[in-house]
Amino acid sequence: MPTIDFHQHLWPEPFVRLLARRERPPRLRGSMLELAGEGESEIDPGAHDLDQRIALLDRWELDVAVVSLQPTLGIAQLPADDAAELVSTYERGILELASASGGRLMPLAAGADVDGFAGACIGAPELADLDLLGPKLDELVRRDAVLFVHPGPAGAPPAGAPAWWAAVVDYTAQMQAGYAAWLAAGASRWPTLDVVFAMLAGGAPIQLERLRSRGVSGRDVLHDTIFFEISSYGNRALELCMATFGVSQLVFGTDVPVLDPEPALDAVRGFGDAVTDALCNQNPARLFASRD
């Protein structure tokens, strides 16, 4: 059974070139990525090289990376023609890379068409309008594919906000709101759709205590179709999440190349072989069982 990292990003070269040609965010200027709500950040262009990524997977003893186009780029908020060009360029390129990877990459769709993909990735704010999102969710159910909920673009930070503001404040708030929206209305409308929330849904286990204080039963929020990806969290958060939801609802992810994978690997492997097998092997295998 393969060891799977559910949360990685890989940009095909044509997509990188398109970002470099853009005059407005999201755009690349050399190694500097400019986003509308975050300003500039430096990236390593070599981190998006297929051979280098496979070599890193081997080093980390990972068999497969689930790769997605991060909604934090803000592509969905662009004019329709701009967004369509970026999405189509990414999707053509990532399918080619997946084909050349020897089964090491499992791509998620960024656009409306999920044909050829293992599922789809959306920004958490999209869950605020389930009627608009409905056709995509219906198609995922029809194909027995998975939905990955990832932070969307950050809003404008307050004056003087530190560089970590978007990642720590904005993204976590988005994920908590998306998770709450799915609990409130989505899980009952699409009861068979497997949904994976990035970064523990912004700290979902802690929020469940507040839900209970407002009269919401724990049974109402525990679903075997809702999973939590663990990137950026360590031992204490994982212990709480396992105690709240059970080890069967967590999946391993790193957010490479945005984050260093070592802390996530160390945290999971520190819980022993049984937990590592559940998060890295058994649970992702359940999500992708229909592809076997």
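Residue numbers (the numbering used here): 17 to 308. By construction, the Cβ of each residue, glycine as well, lies at the ideal position given by its N, Cα and C atoms.
Pull up the CB-CB distance for PHE85 and ARG120, whole angstroms please, since I reckon it's below 8 Å. Within the sequence shown, numbered from 1, the residue matching residue 85 stands at position 69. Within the sequence shown, numbered from 1, the residue matching residue 120 stands at position 104. In the sequence under discussion, the amino acid at residue 85 is Leu, which differs from the Phe named in the question. With 8 Å as the limit, LEU85 and ARG120 do not qualify as a contact, their Cβ atoms being about 18 Å apart.
Just list the residues that DSSP pairs LEU58 with in beta bridges. Working through the sequence shown from its first residue, we reach residue 58 at position 42. What sits at residue 58 in the sequence shown is Glu, not Leu. MET48.
Residue interval of the beta strand (DSSP E) (run including GLY219): Position 203 of the sequence shown, counted from the start, is the residue given in the question as residue 219. GLY219 -> no beta strand (DSSP E), and no H or E assigned at all.
Which term fits ASP210, buried or exposed, when burial requires 16 or more other beta carbons within 10 angstroms of its beta carbon? In the sequence shown, residue 210 corresponds to position 194, counting from 1. Buried is the call here.
Sheet register partners of GLY139 (DSSP bridge): For the purposes of this step, residue 139 is taken as the residue at position 123 of the sequence shown. Paired residue(s): HIS166.
CA-to-CA distance, VAL83 to ALA116, given in whole angstroms: Position 100 of the sequence shown, counted from the start, is the residue given in the question as residue 116. Position 67 of the sequence shown, counted from the start, is the residue given in the question as residue 83. Their Cα atoms are separated by approximately 14 Å.
How is the beta strand (DSSP E) around GLN298 delimited, first residue to last? Against the sequence shown, residue 298 aligns to sequence position 282. Here GLN298 belongs to no beta strand (DSSP E), and DSSP marks it neither H nor E.
Do PHE268 and ILE20 count as a contact pair if the criterion is CB distance below 8 Å? Mapped onto the sequence shown, residue 20 falls at position 4. Mapped onto the sequence shown, residue 268 falls at position 252. It is a contact, given that the beta carbons lie within the stated cut-off.
Take the Cβ of GLY90 as the centre, count every other Cβ of all protein chains shown within 10 Å, and call the residue buried at 16 or more, exposed below. For the purposes of this step, residue 90 is identified with residue 74 of the sequence shown, where counting begins at 1. With 16 or more other Cβ atoms within 10 Å, it is buried.
Helix, strand or coil for ILE246? Go by DSSP, reduced to three states. Mapped onto the sequence shown, residue 246 falls at position 230. ILE246: coil per DSSP, three-state reduction.
Tell me the rounded alpha-carbon separation between ALA179 and ARG45. For the purposes of this step, residue 179 is taken as residue 163 along the sequence shown, with counting starting at 1. For the purposes of this step, residue 45 is taken as residue 29 along the sequence shown, with counting starting at 1. C-alpha separation (whole angstroms): 19 Å.
DSSP state of VAL237, grouped into three classes? Mapped onto the sequence shown, residue 237 falls at position 221. In this structure, VAL237 counts as coil in the three-state DSSP scheme.
Rounded C-alpha distance that separates GLY219 from LEU266: For the purposes of this step, residue 219 is taken as residue 203 along the sequence shown, with counting starting at 1. For the purposes of this step, residue 266 is taken as residue 250 along the sequence shown, with counting starting at 1. Cα to Cα, the separation comes out at about 13 Å.
For ALA172, count neighbouring Cβ atoms within 10 angstroms of its own Cβ and tell me buried if that reaches 16, exposed if not. Position 156 of the sequence shown, counted from the start, is the residue given in the question as residue 172. It is exposed - the Cβ of ALA172 has fewer than 16 other Cβ atoms within 10 Å.
Can you list, in chain order, the residues of its chain with a C-beta nearer than 6 Å to that of CYS137? Leave out the 5 residues immediately preceding and following it. Taking the first residue of the sequence shown as 1, we reach residue 137 at position 121. Same-chain partners within the cutoff: SER84, LEU124, PHE164 and HIS166.
If you measure between the beta carbons of PHE261 and PRO221, is that distance less than 8 Å? Working through the sequence shown from its first residue, we reach residue 261 at position 245. Working through the sequence shown from its first residue, we reach residue 221 at position 205. Contact flag set, yes.
Measure the CB-CB distance between GLY250 and PRO279 and report whether it falls below 8 Å. Here residue 250 refers to the residue found at position 234 when the sequence shown is read from its first residue. Here residue 279 refers to the residue found at position 263 when the sequence shown is read from its first residue. It is a contact, given that the beta carbons lie within the stated cut-off.
Please state the DSSP three-state secondary structure of GLN68. Stepping through the sequence shown from its first residue, residue 68 is reached at position 52. Helix.
Within this structure, are the beta carbons of PRO244 and LEU216 separated by less than 8 Å? The residue you call residue 244 lines up with position 228 of the sequence shown. The residue you call residue 216 lines up with position 200 of the sequence shown. Looking at the sequence provided, one finds Phe at residue 244 rather than Pro. Yes, Cβ-Cβ distance for PHE244 and LEU216 is below 8 Å.
Quick one: what's PHE213 bridged to in DSSP? Here the question's residue 213 lines up with position 197 in the sequence shown. PHE213 pairs with VAL165 and PHE244.
Can you name the start and end residues of the beta strand (DSSP E) that ASP21 belongs to? Here the question's residue 21 lines up with position 5 in the sequence shown. Here the beta strand (DSSP E) through ASP21 covers 20-24.
Buried or exposed (CB count within 10 angstroms, at least 16 for buried), MET191: The residue labelled residue 191 in the question sits at position 175 within the sequence shown. Counting Cβ neighbours within 10 Å, MET191 comes out buried, since at least 16 surround it.
Verify whether the separation of the beta carbon atoms of HIS25 and PRO300 is less than 8 Å. Residue 25 sits at position 9 when you count from the first residue of the sequence shown. Residue 300 sits at position 284 when you count from the first residue of the sequence shown. No, Cβ-Cβ distance for HIS25 and PRO300 is not below 8 Å.
Run the CB neighbour count on SER247, radius 10 Å, all protein chains shown included, and call it buried at 16 or more, exposed below. Locating residue 247 in the sequence shown gives position 231, counting from the first residue. Per the 10 Å Cβ criterion, buried.
Euclidean distance between Cα positions of GLN298 and ARG40: In the sequence shown, counting from the first residue as 1, residue 298 sits at position 282. In the sequence shown, counting from the first residue as 1, residue 40 sits at position 24. One C-alpha to the other measures close to 42 Å.
C-alpha gap between VAL290 and SER47, whole angstroms: Taking the first residue of the sequence shown as position 1, residue 290 is located at position 274. Taking the first residue of the sequence shown as position 1, residue 47 is located at position 31. Correcting the residue type first, residue 290 is Ala in the shown sequence and not Val. Computed Cα separation, rounded: 40 Å.
Should PRO87 and GLY139 be called a contact, given that it needs their Cβ atoms to be closer than 8 Å? Position 71 of the sequence shown, counted from the first residue, corresponds to residue 87. Position 123 of the sequence shown, counted from the first residue, corresponds to residue 139. In contact: PRO87 and GLY139 (Cβ atoms closer than 8 Å).
Assigned exposure category for PRO174 - 16 Cβ within 10 Å defines buried: Taking the sequence shown and counting its residues from 1, the one referred to as residue 174 is at position 158. Exposed: under 16 other Cβ atoms inside 10 Å.
To which residues of the same chain is ALA128 closer than 7 Å at the C-beta, ignoring the five residues directly before and after it? On the sequence shown, position 112 is the one that residue 128 refers to. Counting only Cβ-Cβ distances below 7 Å, and skipping sequence neighbours, we find LYS152.
My output table needs one value for ALA179: the three-state DSSP class, helix, strand or coil. Counting from 1 along the sequence shown, the entry for residue 179 is found at position 163. Coil, per DSSP.
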